[in-house]
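Take the sequence shown: its position 233, counting from 1, is numbered 221 in the working numbering, and each next residue is one higher.
The beta carbon of each residue, even a glycine, is placed where N, CA and C say it ideally should be.
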Amino acid sequence: MIRMVIRLNTTPHEALKALNVYAVNANRQELIQYGIRTNDWQPYYAFEAQKTPAYFDLVDGKYEYNKTFWGNQIENTLKNMKEKLADNWGNEEKRAEIEADMKALMDSAVWSAAIHYNTDNLHVHIATVEPIPTRVKKWTKNLETGKWEVQVRAKRKQGSLDKMKSKVANLIMDRTKERNLVTDLIRGSVNLKKEKGIDLSTHRQTKKLFRKALQRLPSDRSQWRYGYQSIDEARMYIDQIVDIYLDRYYKNEMKDLHRLLDEEVEVMREKYGEGSKYQNYKQTKLDDLKKRMGKCGFN
-11 MIRMVIRLNT TPHEALKALN VYAVNANRQE LIQYGIRTND WQPYYAFEAQ
39 KTPAYFDLVD GKYEYNKTFW GNQIENTLKN MKEKLADNWG NEEKRAEIEA
89 DMKALMDSAV WSAAIHYNTD NLHVHIATVE PIPTRVKKWT KNLETGKWEV
139 QVRAKRKQGS LDKMKSKVAN LIMDRTKERN LVTDLIRGSV NLKKEKGIDL
189 STHRQTKKLF RKALQRLPSD RSQWRYGYQS IDEARMYIDQ IVDIYLDRYY
239 KNEMKDLHRL LDEEVEVMRE KYGEGSKYQN YKQTKLDDLK KRMGKCGFN
């Protein structure tokens, strides 16, 4: 059952118009969902072509975006922006704003989004299209005809999708302050050692470990980098030295770091869901800490 609330002070004509708009939008959403499920967008294109015929061409019985129309739209908009840019050349702030808009337009992506409230998690479906394709072309097999055709690469890499989601999520939930605290704690471990002049090679607990690490390091000192494979045999002893240092000189700060990392992991779980790689965040940051301390130990 679909329930709509219409203002009581509307005229019959306005009420009918509201119902028509609702019906059109509902139909559009159904066609979009059908396209997502079946990868057949022709019903949706046909529906949109009835509303905005200038946006589409009928080619061999199939609707396609009218590249001439969209190309002219982009060119005309760019022309107007260039004129506006010339008029505001002396205004640095306004000029930067116009140049940013021009760059966004030059990327030529057109997008549409729908907010869905029909689950316990509010979410948004976003569809993008290039009226004038700029992406790399490659040979692709047409599953309907069995023939190989040159087509524009359409599928985005998973890494690109993850970056898009991360960008949106970070804009919605700004965690810059908390992330900066994590970074400061990681860098602070190195700064403390430098400021206090702690020599781990002569420290009672780490002296033997330091000798064992040196015995397993390559003769070429340029290879003494924590992330290099050439120090794999020595890395175990270096990590033990780092652990002893952190426990002796940076114990309270490490407790704060683990607490902050656990909080960030929980926030990321809520943002990205169980299927994401949110749990890797903490280990990645701890690995970064060891890498920095390992490098500091070499110096």
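Residue pairing for residue 139: DSSP places it in a beta bridge opposite 126. One alpha carbon belongs to residue 189, the other to residue 277, and they sit about 19 Å apart.
Three or more Cβ pairs drawn from the segment 160 to 179 and the segment 249 to 256 lie within less than 8 Å of each other, which places the two stretches in contact. When rounded, the separation of the alpha-carbon atoms in residue 33 and residue 138 is 22 Å.
Per the C-alpha coordinates, the member of 275, 17, 183 positioned closest to residue 106 is 17. When DSSP states are grouped into helix, strand and coil, residue 238 belongs to the coil group. By the Cβ neighbour-count rule, residue 158 is exposed, with fewer than 16 other Cβ atoms within 10 Å of its own.
DSSP places residue 172 in no beta strand (DSSP E) but in the uninterrupted alpha helix (DSSP H) bounded by 164 to 184. When rounded, the separation of the alpha-carbon atoms in residue 244 and residue 230 is 17 Å. Contact between residue 273 and residue 249 holds, with the beta-carbon distance rounding to 6 Å and staying under 8 Å. At least 8 Å separates the beta-carbon of residue 222 from that of residue 209. Around residue 64, the same chain offers no residue with a beta carbon nearer than 7 Å, after the five sequence neighbours per side are excluded. The residues 234, in chain order, have a CB closer than 7 Å to that of residue 242 in the same chain once the five nearest residues on each side in sequence are set aside.
Under DSSP, residue 201 takes part in no beta bridge, so it has no partner.
Buried is the label assigned to residue 225, since at least 16 other Cβ atoms lie within 10 Å of its Cβ.
The beta-carbon distance between residue 171 and residue 232, rounded to whole angstroms, is 23 Å. This is too long to meet the 8 Å contact definition.
In the structure shown, residue 46 falls within a strand segment according to DSSP collapsed to helix, strand and coil.
Between residue 197 and residue 217 a beta carbon distance of about 21 Å is seen, past the 8 Å cut, so the two are scored as non-contacting. In the DSSP annotation of this structure, the continuous segment of the beta strand (DSSP E) that includes residue 114 starts and ends at 111 to 117. Per the coordinates, the alpha-carbon of residue 71 lies some 14 Å from the alpha-carbon of residue 84. In the three-state reduction of the DSSP assignment, residue 52 falls in the strand class. In this model, residue 185 and residue 176 are separated by some 14 Å (Cα to Cα). Ranked by Cα distance from residue 271, the options 246, 144, 261 are led by 246.
Beta bridge pairing from DSSP links residue 253 with no other residue. Put simply, of 53, 25, 48 the residue whose alpha carbon is nearest the alpha carbon of residue 35 is 53.
In the structure shown, residue 191 adopts coil according to DSSP, grouped into three states. If you look at residue 160, you'll find it in the alpha helix (DSSP H) that goes 146 to 160. For residue 100, the uninterrupted beta strand (DSSP E) segment begins and ends at 98 to 104.
The beta carbon of residue 113 sits closer than 6 Å to the beta carbons of 102 from its chain, once the five residues preceding and following it are set aside; these are given in chain order. The beta carbon of residue 219 lies closer than 8 Å to those of 204, 205, 206, 211, 212, 213, 226 in the same chain, with the five residues before and after it left out.
In this structure, DSSP gives residue 213 a state outside helix and strand, which the three-state scheme calls coil.
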